[in-house]
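Take any residue in the sequence shown, count from 1 to its spot, add 2: that is its number in our numbering.
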Amino acid sequence: MQLAWRFKAMYQSLGMDLAACAKYLHVTERTLHNWLSGKHDIPFATGNLLRLLNRMNLPGQPRHIRKKRLSSARRKP
3 MQLAWRFKAM YQSLGMDLAA CAKYLHVTER TLHNWLSGKH DIPFATGNLL RLLNRMNLPG
63 QPRHIRKKRL SSARRKP
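Shown next as structure tokens:
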């Protein structure tokens, strides 16, 4: 349920309501409701998309948006 709460906070921080988020993600409002209620899992890629739109790092290796391109921190050999 914590994930659903964070998911909702992410789309609301972008100024979207349930209907606008559903339209943006090309899913029905019912699908979003099912994700938020825990009936179905939120797809990994969908969560990552909202993280990127909120300028947050993705899980795992830190990544950044530079010059409108996604880049990951790489170590020089």
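From the three backbone atoms N, C-alpha and C, an ideal C-beta is built for every residue, glycine too.
Buried versus exposed, by CB contacts within 10 Å (16 or more), residue i
i, result
"residue 5", "exposed"
"residue 16", "exposed"
"residue 37", "buried"
Anticipated Cβ contact below 8 angstroms, residue i with residue j, distance rounded
i, j, result
"residue 31", "residue 21", "6 angstroms"
Alpha-carbon to alpha-carbon, residue j and residue i
i, j, result
"residue 49", "residue 33", "14 angstroms"
"residue 14", "residue 23", "9 angstroms"
CB of residue i within 8 angstroms of CB of residue j, strictly
i, j, result
"residue 52", "residue 9", "yes"
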